[in-house]
Amino acid sequence: MSQSPNAFTPFDLITQQTDPGNPERQTLISILHAIEQGGRKISALLQRGPLLGITGSTHAQNIQGEEVQAMDQIGQETFLTLFRQSGSVLGVLSEEAEHPDLLPVTHSAPCLVAMDPLDGSSNLSVNAPVGSIFALFRPSGHTSPSGESLFLDSSGNLIAAAYLLYSVSTTLVLAIGTETHSFTLDPSTGEYLGSGVALKFPEGGKIYSTNEGYLPYWEKSLQQYMGWIKTDRNPAMILRYIGALVGDFHRNLLKGGIYLYPADVKNGKKSSGKLRLLYEAYPMAFIARNAGGIATDGTIPILSIVPNNVHQRVPLIVGPMDLVREFQDHSGSPLNGFS
Ligand code: P6P
Numbered sequence: 001m002s003q004s005p006n007a008f009t010p011f012d013l014i015t016q017q018t019d020p021g022n023p024e025r026q027t028l029i030s031i032l033h034a035i036e037q038g039g040r041k042i043s044a045l046l047q048r049g050p051l052l053g054i055t056g057s058t059h060a061q062n063i064q065g066e067e068v069q070a071m072d073q074i075g076q077e078t079f080l081t082l083f084r085q086s087g088s089v090l091g092v093l094s095e096e097a098e099h100p101d102l103l104p105v106t107h108s109a110p111c112l113v114a115m116d117p118l119d120g121s122s123n124l125s126v127n128a129p130v131g132s133i134f135a136l137f138r139p140s141g142h143t144s145p146s147g148e149s150l151f152l153d154s155s156g157n158l159i160a161a162a163y164l165l166y167s168v169s170t171t172l173v174l175a176i177g178t179e180t181h182s183f184t185l186d187p188s189t190g191e192y193l194g195s196g197v198a199l200k201f202p203e204g205g206k207i208y209s210t211n212e213g214y215l216p217y218w219e220k221s222l223q224q225y226m227g228w229i230k231t232d233r234n235p236a237m238i239l240r241y242i243g244a245l246v247g248d249f250h251r252n253l254l255k256g257g258i259y260l261y262p263a264d265v266k267n268g269k270k271s272s273g274k275l276r277l278l279y280e281a282y283p284m285a286f287i288a289r290n291a292g293g294i295a296t297d298g299t300i301p302i303l304s305i306v307p308n309n310v311h312q313r314v315p316l317i318v319g320p321m322d323l324v325r326e327f328q329d330h331s332g333s334p335l336n337g338f339s
């Protein structure tokens with residue numbers, strides 16, 4: 001129970017969206033405690049990041065071939081330790097680790113967690129927003145020879161998603177059941193407090209978020225869409241791009257905007273995109289769906305994509321239904337038949 005009697009907390013949302021007899025309720029509460037605690041620790045560290053010398057690069061590379069920032073490792077160790085201590089997490093798949101970590105559990109209905117512990121960490125050196133992203137899966141129950149097969153078998157059982165946004169304030173967005181809610185960390189009490197009103201994308205937004213530096217490598221239909229939104233569309237759209245998915249997504253969720261990280265085509269070869277399906281695209285798609293939006297890979301809904309490897313990359317188009325439908329219509333694959 002919150003110290004603020006009228007406050008709505010993430011635990012209230014879990015209680016509202018799960019049945020009392022569901023053993024997963026306690027699991028979700030336990031995992032949420034871990035996410036909240038990790039958010040408090042990382043938020044406090046980032047307030048003093050430059051003074052602690054933790055906003056730079058380690059000059060090492062992760063499994064993705066990307067330069068590892070010091071805070072990537074701190075985020076990885078922080079959340080992995082907290083999930084291990086929770087006794088409610090059967091395994092953790094992370095952007096920062098090649099293989100999933102399988103953990104000892106004490107709860108009767110543990111979950112799997114896929115995470116990007118510190119998304120957009122290259123922003124840290126310039127004091128720009130970063131985030132942590134989580135997808136929670138119900139284990140399939142099949143006997144799995146490896147952590148990878150456990151996650152691939154369970155990828156269809158996404159039951160909750162969340163992100164932490166470390167910016168002017170620290171925000172926790174949690175999607176479970178049919179709702180998505182936002183909570184703000186009060187550093188003086190350590191509580192995450194929300195309004196109790198579910199988030200819904202505003203219709204009629206005019207923000208687009210993408211790295212237009214790659215425009216020359218995009219498919220012609222996409223280049224035409226990018227031209228149309230700035231000229232013939234009424235009103236013309238405006239560009240806002242933070243360079244961290246969580247920051248761009250959160251602004252678009254509140255103001256009405258579309259985020260696009262499409263595949264590019266170089267030397268006639270189409271890439272798979274940059275963002276990872278299980279711990280970036282899936283959670284954002286789940287959060288967006290509960291807020292009246294949708295995520296696609298440019299052709300099909302993200303949530304209908306079955307992964308073939310745990311670090312699989314996909315193109316990501318995500319935002320309110322009206323803007324994603326408009327994108328699909330103007331890039332040659334209308335948004336028909338999407339539930
Ligand atoms: P680019 C951060 O590295 C990230 O994965 C997302 O958070 C962000 O939206 C995107 O990549 C930024 O990529 O190529 O524009 O720097």
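In terms of our numbering, the sequence shown opens at residue 1 and continues consecutively.
Ideal placement from N, C-alpha and C gives every residue a C-beta, glycine not left out.
Remember, it's a predicted structure, so these values are computed and weren't measured experimentally.
Check: Locate the beta strand (DSSP E) running through F134, then write down its first and last residues.; Outcome: 130-137
Check: On a CA-only basis, which of S146, V126, V130 is nearest G120? Give me that one, please.; Outcome: V130
Check: At a cut-off of 7 Å, would you count A161 as near the ligand P6P, judging by its Cβ distance to the nearest heavy atom?; Outcome: no
Check: Since I believe R240 is in contact with S209 (beta carbons under 8 Å), could you give me their beta-carbon distance rounded to a whole number of angstroms?; Outcome: 6 Å
Check: Buried or exposed, going by whether 16 or more other CB atoms sit within 10 Å of the CB of V314?; Outcome: buried
Check: The beta strand (DSSP E) with T180 in it runs from where to where?; Outcome: 179-186
Check: In angstroms with no decimal places, state the Cα-to-Cα distance between L185 and G268.; Outcome: 47 Å
Check: Consider the C-beta atom of K266 and the heavy atoms of the ligand P6P; say whether any pair is separated by less than 7 Å.; Outcome: no
Check: On the DSSP letters alone, give me the boundaries of the beta strand (DSSP E) that S94 sits inside.; Outcome: 89-94
Check: Measuring CA to CA, which of P145, G293, G177, V246 is closest to D19?; Outcome: G177
Check: Within a Cβ cutoff of 7 Å, which residues of the same chain sit near K200, ignoring the five residues on either side of it in sequence?; Outcome: A291, G292
Check: Tell me the rounded alpha-carbon separation between F286 and L51.; Outcome: 37 Å
Check: Would you mind sorting H142 into buried or exposed? The rule is 16 or more other CB atoms within 10 Å of its CB.; Outcome: exposed
Check: What are the boundary residues of the beta strand (DSSP E) that includes H59?; Outcome: 57-61
Check: By Cβ distance, which residues of its chain are closer than 8 Å to T81, with the 5 residues on each side in sequence left out?; Outcome: none
Check: Given a cut-off of 8 Å, decide if F79 and G38 are closer than it, judged by their beta-carbon atoms.; Outcome: yes
Check: Taking all protein chains shown into account, do 16 or more other C-beta atoms lie within 10 angstroms of the C-beta of L324, making it buried, or fewer, making it exposed?; Outcome: In the sequence on display, residue 324 carries Val and not Leu. With 16 or more other Cβ atoms within 10 Å, it is buried.
Check: So A175 and Y282 are in contact, right, with Cβ under 8 Å, and what is the actual spacing, rounded?; Outcome: No, A175 and Y282 are not in contact; Cβ-Cβ is about 11 Å, not under 8 Å.
Check: Per DSSP, what are the beta-bridge partners of Q16 in this structure?; Outcome: DSSP output for Q16 lists no bridge partner at all.
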